[in-house]
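All remarks here apply to the structure that follows.
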Amino acid sequence: MSYLTGRRADVRFDPRLLLPSARSVLCFGMLYNGPKPYSNELDANDLGWIARYAWGQDYHDVLKTRLRFFLDEATKLSGPFESKICVDTSPLLERSYARQAGLGWIGRNTCLINEGKGSWFFLAEILISVELPPDSPPPDRCGSCTACIDACPTRAIIPTVDGRHELDSRLCISYLTIELRGSIPEAHRAGMGRHVFGCDICQDVCPWNRKSSTECDPVFHPRAFAPPLEKMAGLTEEEFRELFGPTPVSRARYQGFLRNVAVAMGNAKLERFRAPLESLAGHPDPVVSEHARWALALMPSW
Numbered sequence: 001m002s003y004l005t006g007r008r009a010d011v012r013f014d015p016r017l018l019l020p021s022a023r024s025v026l027c028f029g030m031l032y033n034g035p036k037p038y039s040n041e042l043d044a045n046d047l048g049w050i051a052r053y054a055w056g057q058d059y060h061d062v063l064k065t066r067l068r069f070f071l072d073e074a075t076k077l078s079g080p081f082e083s084k085i086c087v088d089t090s091p092l093l094e095r096s097y098a099r100q101a102g103l104g105w106i107g108r109n110t111c112l113i114n115e116g117k118g119s120w121f122f123l124a125e126i127l128i129s130v131e132l133p134p135d136s137p138p139p140d141r142c143g144s145c146t147a148c149i150d151a152c153p154t155r156a157i158i159p160t161v162d163g164r165h166e167l168d169s170r171l172c173i174s175y176l177t178i179e180l181r182g183s184i185p186e187a188h189r190a191g192m193g194r195h196v197f198g199c200d201i202c203q204d205v206c207p208w209n210r211k212s213s214t215e216c217d218p219v220f221h222p223r224a225f226a227p228p229l230e231k232m233a234g235l236t237e238e239e240f241r242e243l244f245g246p247t248p249v250s251r252a253r254y255q256g257f258l259r260n261v262a263v264a265m266g267n268a269k270l271e272r273f274r275a276p277l278e279s280l281a282g283h284p285d286p287v288v289s290e291h292a293r294w295a296l297a298l299m300p301s302w
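So, in structure tokens, the structure goes:
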């Protein structure tokens with residue numbers, strides 16, 4: 001993920017490189033959890049899993065629209081000031097700012113966790129030229145719990161020398177299915193299970209999410225909850241864009257998504273997946289065909 005280095009890395013140390021007049025950072029969280037079951041509650045091997053945050057409309061557009069409205073209302077009350085909206089793609093250490101703002105603590109799974117609402121929320125910030133009194137971070141309430149560490153199938157949550165934990169993106173299913181271009185290392189494919197875009201396991205097992213609100217904005221309701229793998233394997237590029245174009249799933253790109261579907265079908269080892277995998281094995285994209293052949297080699301022989 002080279003886009004995280006260079007000048008963008010430098011900007012993370014000082015938000016004034018994004019807005020020279022910045023004096024305060026306003027931090028926001030928007031819930032996206034819904035009533036559908038968690039990934040560890042879904043047993044059907046013929047269904048793929050898409051990370052919860054990517055079920056509905058792209059959150060970048062949603063949050064920017066809401067924050068522009070907030071700024072308009074704030075300006076009416078206080079008068080004009082300089083500002084900059086940042087939603088995910090801006091080089092800010094969002095979790096750290098959100099922690100300092102009191103929105104939650106950073107858990108062992110590296111997600112920001114709010115004591116009353118869990119971790120199912122998007123983060124966004126507004127840099128403003130107005131100096132405001134700062135908030136303070138809440139205490140860390142993970143205690144001795146290691147549920148997320150124990151549940152991660154690729155062992156991506158690793159201890160650091162100072163006794164904390166960090167995420168090794170090279171092992172994370174979210175990285176493997178979204179950010180990684182090209183071939184997925186064979187050693188990590190089995191651990192991906194039926195995940196075709198992202199992963200929720202470390203949040204699904206977190207005790208703080210047991211009572212998380214499921215009343216998210218309708219724009220985040222799923223367009224394709226736990227899609228059938230066989231159907232996904234047969235999508236044309238146009239159908240993929242039509243189904244997932246307005247959602248974060250489009251980031252994986254069509255070929256990357258088919259690659260992930262092939263791995264998920266291989267892990268399921270269902271005989272009825274043989275035909276769609278044979279079709280993918282003949283796909284013109286060499287990465288898709290290679291992963292389909294790998295999956296076919298896992299099919300049971302009778």
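Here the sequence shown stands for residues 1 to 302, where the numbers follow this note's numbering. Yeah, the Cβ is synthetic: ideal placement off N, Cα and C, and Gly gets one too.
Assignment of His60 by DSSP, reduced to helix, strand and coil, places it in the helix class. Of all alpha-carbon atoms in Ile50, Gly107, Lys36, the one lying nearest the alpha-carbon of Pro207 is that of Gly107. Counting other Cβ atoms within 10 Å of its Cβ, Asn40 stays below 16 and is therefore classed as exposed. Going by beta carbons, Gly104 and Leu112 fall inside the 8 angstroms limit. Cα atoms of Phe273 and Glu131: separation of roughly 59 angstroms, rounded to the nearest angstrom. In this structure, DSSP gives Met30 an extended state, which the three-state scheme calls strand. Contact annotation, Ala264 with Gly48: C-beta distance approximately 5 angstroms; criterion of less than 8 angstroms satisfied. For Arg95, the closest C-alpha among the options Phe70, Ile50, Ser279, Glu125 is that of Glu125.
Under the criterion of beta carbons closer than 8 angstroms, Trp120 and Ser24 do not qualify as touching, at roughly 26 angstroms.
Phe244: member of the alpha helix (DSSP H) spanning 237 to 244, first to last residue. Between the alpha carbons of Thr160 and Asp168 lies a gap of roughly 11 angstroms. Contact check for Cys172 against Thr154 passes: the beta carbons are separated by less than 8 angstroms. The alpha-carbon of Pro134 is positioned some 48 angstroms away from that of Pro228. In this model, Pro138 and Ser279 are separated by some 53 angstroms (Cα to Cα). By the Cβ-count criterion, Gly29 is buried, with 16 or more other Cβ atoms from all chains shown falling within 10 Å of its own Cβ. In the structure shown, the three-state DSSP call for Asn40 is helix. Given a length threshold of 4 residues, each whole run of the alpha helix (DSSP H) inside the stretch 81 to 162 is given here in chain order: 94 to 100, 147 to 151.
Within the same chain, Cβ atoms closer than 6 angstroms to the Cβ of Pro222 are found at Trp55, the five residues on either side in sequence being excluded.
By the CB criterion at 8 angstroms, Pro218 and Asp58 fall outside the cutoff. Straight-line measurement puts the Cα of Asp14 at about 16 angstroms from the Cα of Cys27. CA-CA distance, Val288 to Arg259, rounds to 5 angstroms.
Rounded to the nearest whole angstrom, the CA to CA distance from Lys84 to Leu19 is 7 angstroms. Assignment of His165 by DSSP, reduced to helix, strand and coil, places it in the strand class. A straight-line Cα-Cα distance of about 29 angstroms links Arg181 and Asp43. A buried status is given to Thr177, since no fewer than 16 other beta-carbon atoms sit within 10 Å of its beta-carbon.
When the beta-carbon positions are compared, Arg16 and Leu92 stay at least 8 angstroms from each other. Comparing alpha carbon positions, the residue from Tyr53, Ser21, Ala252 closest to Asp204 is Tyr53. Taking 8 angstroms as the cut-off, the Cβ atoms of Cys202 and Ile158 do not count as close. Beta bridge pairing from DSSP links Pro228 with Leu47. Residue environment analysis places Ala297 among the exposed positions, since fewer than 16 neighbouring C-beta atoms fall within 10 angstroms of its C-beta.
Within the model, the alpha-carbon separation for Trp294 versus Val87 is close to 38 angstroms.
Around Leu270, the same chain offers Asn45, Asp46 as residues with beta carbons nearer than 7 angstroms, after the five sequence neighbours per side are excluded. Per DSSP, reduced to three states, the secondary structure at Ser289 is helical.
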